[in-house]
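Chains as they are written, first to last, in my numbering: chain A, 56 to 239; chain B, 2 to 221. Before any comments, here is the structure.
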Amino acid sequence: MTKRQDDKYIEASVEELLTEDAAQEIAQREGEWNAFTSAVFARIDEEDLGVARMPMEDQAIDLFRQEVAGELADLAPRFEEGFKEGVEQRIWNAAREPTVMDRVRGFFDRAFGERVGWSVGWAGAMAAALAIVTITGMPTEPGTQIAENITGEVSVKSLSFEGTVTVMPNDGVTVVWLSDDASS
Amino acid sequence: MSNRDSRQSKETRARENAIDRELVAQAKKGDRQAFGRLVERYQQRVYALSYGIVRQREDAWDVAQEAFVKAYRNLGRFEGNSAFYTWLYRIAYNLSIDALRDRARRETVDIDENRKLEEALAKAGRRPLEHPDEMAARRELSTVLQTAMRKLSDKHRAIIVLREIQGLSYEEMAEVLGISKGTVMSRLFHARQNLQTLLAPYVKKGEDVPQSLKLALRTA
């Protein structure tokens, strides 16, 4: 199929016409561009005003959110390099350190030697400064020293770690304070 | 958020929880790599939580790592009744509060912080009107807002972190904090109210923000 010679002429005419139309349209609207720009800025201002009218507490929270996000971004390389490794190292170190339970066991082993029969419901190794030990046949007066008052067979009925509790003299418990060198 | 977004978000969370459950199960069997993946999944979020509360980089880093150590050591006790991350956040939250208490014992009263806020409030209150310098106003406003956040009580700041930074629901926050949903809502309300009170000297009620500060507010 042969192309008609006037096809090119028609195509060129359409292109020219469109270009001309576009130029005319732009020329006609020349005076409107300032209005358009103004409208864009009016919208921006409106949004600014909206933000400015946000309650101050929301502004503070928003800033706080940005601060935390910035902090995370700052630390991104450090997370990649060593956060997980740091956790692993801590787990390893913690496994090597004696737990509170080890310290309590050590304390009793030293205080009573082989006489102590352990029937302890292990509560798990929780970091706590205070161990409450309920011991059968033990005096419960405050200030009594276990090592000085123990006679005969004793057995530990239960052992719990409460962190911070108030123990009264009539509670029937003996409070054992663990010193830092208890496990040594 | 539209219903569709909300549904998608719930679906995503359900998928994430399923992955966590699987990793926790493997970690419980002694798979350290599985626990390592849990660390990777939550390290930034746990850090963001601890940093939001303790506001000190090294302390927050320490707290975040310690939270994972505690989680690892107590994984056997985690029964899966709640999502892993709420359990983990709870550990991190408690450690963060402990860290703040330790710091408070060391530092007693932070007089500087009080003075800084008062100065910033005083400056910001008059400066924009006298000297409409946007940059200066922006800096001052930023200081005011940041200091006001710091002045919030630990509990109030923590609840804002959980809600606004971690994006937790009221139910999830209740799980993390070990309080009822009602208490969560009330505490959140009071946190915002306290923030409002702290910022009240800056913009008096019913008064529009000074023109010179509009840009500052937008960019602060």
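Virtual Cβ for every residue (Gly too), placed ideally from N, Cα, C.
Mind pulling the chain B residues with CB within less than 7 Å of residue i?
{"i": "G141 of chain A", "result": "Q66"}
{"i": "F96 of chain A", "result": "None at all; the shortest Cβ gap to chain B is about 13 Å."}
{"i": "A115 of chain A", "result": "L146, A149, M150, L196 and L200"}
{"i": "I146 of chain A", "result": "V70 and Y73"}
At which residues does the alpha helix (DSSP H) containing residue i begin and terminate?
{"i": "V162 of chain B", "result": "Looking at the DSSP string, V162 of chain B is not in any alpha helix (DSSP H), and its letter there is neither H nor E."}
{"i": "A49 of chain B", "result": "R33 to V55"}
{"i": "A150 of chain A", "result": "K139 to R151"}
{"i": "K182 of chain B", "result": "K182 to L200"}
{"i": "L153 of chain B", "result": "Counting along the chain, L153 of chain B falls outside any alpha helix (DSSP H), and DSSP gives it neither H nor E."}
{"i": "P110 of chain A", "result": "It is not in any alpha helix (DSSP H) - P110 of chain A carries neither H nor E in the DSSP assignment."}
{"i": "R58 of chain B", "result": "R58 to R74"}
{"i": "A84 of chain B", "result": "It is not in any alpha helix (DSSP H) - A84 of chain B carries neither H nor E in the DSSP assignment."}
{"i": "L169 of chain B", "result": "From DSSP, L169 of chain B is part of no alpha helix (DSSP H); its letter is neither H nor E."}
Determine the chain A residues that contact residue i at a beta-carbon separation under 8 Å, and present them in chain order.
{"i": "K41 of chain B", "result": "A small fix is needed here, since residue 41 of chain B is Glu in this sequence, not Lys. Within chain A, the residues near E41 of chain B are K139."}
{"i": "G53 of chain B", "result": "F119 and V123"}
{"i": "I166 of chain B", "result": "F119, R120 and V123"}
{"i": "A28 of chain B", "result": "Under the 8 Å cutoff, chain A gives no residues; its nearest Cβ is about 12 Å from A28 of chain B."}
{"i": "I160 of chain B", "result": "Result: empty, since nearest Cβ-Cβ is about 11 Å, beyond 8 Å."}
{"i": "S143 of chain B", "result": "L118"}
Show which residues of chain B have a CB atom less than 8 Å away from the CB atom of residue i.
{"i": "A149 of chain A", "result": "V70 and R74"}
At a CB-CB cut-off below 9 Å, which residues of chain A make contact with residue i?
{"i": "I180 of chain B", "result": "Neighbours of I180 of chain B on chain A: none; closest Cβ ~19 Å, over 9 Å."}
{"i": "Y203 of chain B", "result": "M111"}
{"i": "G37 of chain B", "result": "K139, V142 and E143"}
{"i": "I20 of chain B", "result": "Within chain A, no residue comes near I20 of chain B; the closest Cβ sits about 17 Å away, beyond 9 Å."}
{"i": "A49 of chain B", "result": "V123, A124, E126 and L127"}
Identify the contact partners of residue i in chain A, using a Cβ-Cβ distance below 7 Å as the criterion.
{"i": "Q45 of chain B", "result": "L127 and F134"}
Is residue i near the ligand PLP, with its Cβ less than 7 Å from a heavy atom?
{"i": "N195 of chain B", "result": "Absence of the ligand PLP is noted for the structure shown, with no ligands found whatsoever."}
At a Cβ threshold of 8 Å, is residue i touching chain E?
{"i": "E67 of chain B", "result": "The structure shown contains no chain E; its protein chains are A and B."}
*May I ask you to verify whether the segment 181-194 of chain B touches the segment 156-167 of chain B, counting CB pairs closer than 8 Å and requiring at least 3?*
yes
_Quick check: the segment 48-64 of chain B against the segment 15-30 of chain B, are at least 3 beta-carbon pairs closer than 8 Å?_
Fewer than three beta-carbon pairs drawn from the segment 15-30 of chain B and the segment 48-64 of chain B are found closer than 8 Å, and the two stretches are therefore not classed as touching.
*asked:* Whether or not the segment 73-82 of chain B and the segment 93-106 of chain B are in contact is what I'm after, with contact meaning three or more pairs of Cβ atoms, one per stretch, closer than 8 Å; do they touch?
replied: no
*Contact the segment 143-150 of chain B vs the segment 162-177 of chain B: 3+ CB pairs below 8 Å*: no
*chain A contacts made by the segment 169-193 of chain B, where a contact means CB separation under 8 Å*: Under the 8 Å Cβ criterion, the segment 169-193 of chain B contributes R193.
*Any chance the segment 116-124 of chain A sits against the segment 34-43 of chain B, with 3 or more Cβ pairs inside 8 Å?*
At 8 Å Cβ cutoff, the stretches do not touch.
*Against chain A: residues of the segment 71-105 of chain B by CB proximity under 8 Å*: Y73, R74, N75 and R78
*Should the segment 161-169 of chain B be regarded as contacting the segment 133-146 of chain A, the criterion being three or more beta carbon pairs within less than 8 Å?*
Segment contact: the segment 161-169 of chain B against the segment 133-146 of chain A, fewer than three CB-CB distances shorter than 8 Å; contact not assigned.
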